[in-house]
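Following the UniProt record's numbering, the numbering of the sequence shown begins with 1 at its first residue and continues without gaps.
We put the beta carbon where it would ideally sit given N, CA and C, even for glycine.
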Amino acid sequence: MQTMTTLVLGASGATGILLVEQLLQRDLHVRAIVRSSAKLPQTLMEHPRLSLIETSIADATDAEMTRFVDGCDAVASCLGHNLTLKGIFGRPRRLVTEATQRVCLAAQANASSTPTKFVLMNTAGNSNRDLNEPISWAQRCIMVLLRNMVPPHRDNEMAADHLRTAIGPTSPSIEWVVVRPDTLTNAPTVTQYTLHPSPTRSAIFNAGESSRINVAHFMAEMIADADTWNRWKGQMPVLYNVA
């Protein structure tokens with residue numbers, strides 16, 4: 001049986017590195033896109049099942065994106081905006097959305113005999129509009145402000161909406177899951193976590209915690225395990241640490 005290959009976007013980020021490690025622990029091949037390999041641990045760079053592509057997603061041509069995705073059974077995006085003034089308000093303001101759109105176009109262009117799995121890391125502050133998730137009036141007001149004043153929030157919304165509406169549940173080329181962690185934290189090991197189709201608490205007024213390693217573990221489990229994938233495909237699960 002041929003070993004699966006996963007393309008990881010944002011592989012040098014805090015969650016991306018952990019996802020690469022989790023995938024390699026499951027004996028999968030990983031193709032990782034990084035701006036600079038210097039951010040990766042040396043032991044990881046020397047792993048025989050890891051191949052690195054040093055480039056900026058924003059600078060890659062459509063032909064290059066198609067080549068990056070070609071031969072991959074899955075794509076996982078851990079892309080996000082740095083929490084600095086430049087990262088939040090500078091360009092590219094639609095980093096996640098444009099990468100999502102281009103990955104989908106590349107997967108469609110490659111026309112694989114089986115759908116490419118696409119896992120997008122997003123945020124619990126983004127609603128799944130397919131489920132009409134209840135949001136308090138106060139939180140709704142704050143979300144309107146975030147949508148109009150903080151570009152990364154709108155970027156996350158648009159990326160998830162592209163998968164929900166432009167790709168949808170019946171695409172022959174792409175199956176997708178949008179993972180929604182709440183407040184991201186750092187932890188040394190995987191701990192117990194729960195998964196929910198919708199938020200069970202307010203991301204603004206009663207936020208939960210989601211460790212990056214738990215998020216990486218769940219993303220890797222979906223890619224590697226068919227039952228886990230079939231449970232969540234076409235959905236936007238919310239992940240919380242168990243206190």
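Separation of residue j from residue i, as counted between CA atoms
i: A63; j: A160; result: 24 Å
i: Y193; j: A76; result: 20 Å
i: H47; j: V179; result: 27 Å
i: N156; j: M149; result: 14 Å
i: L120; j: W176; result: 8 Å
i: P115; j: K233; result: 12 Å
i: M158; j: L146; result: 13 Å
i: L7; j: S112; result: 15 Å
i: A60; j: M236; result: 28 Å
Buried or exposed by the 16-neighbour rule on C-beta atoms within 10 Å, applied to residue i
i: Q25; result: exposed
i: G71; result: exposed
i: R31; result: buried
i: P197; result: exposed
i: P41; result: exposed
i: T97; result: buried
From the options, residue whose alpha carbon lies closest to that of residue i
i: G13; options: P169, L28, L23, S36; result: S36
i: V215; options: T6, T3, T15; result: T15
i: L95; options: N122, M45, K117, V242; result: N122
i: A187; options: L9, I142, S211; result: S211
Beta-carbon contacts of residue i that lie in its chain and below 7 Å, excluding the five residues immediately before and after
i: A220; result: L19, Q22, L23, R26
i: Q101; result: H162
i: T228; result: E221, M222
i: A124; result: R180, P181, D182, P199, A203, V238
i: S56; result: R35
Contact set for residue i: own chain, Cβ-Cβ below 6 Å, skip 5 residues either direction
i: A58; result: P92
Subject >> Meets three-Cβ-pair contact criterion under 8 Å: the region 175–190 and the region 204–216 >> reply: yes
**OP:** May I ask you to verify whether the region 164–173 touches the region 99–116, counting CB pairs closer than 8 Å and requiring at least 3?
**Re:** yes
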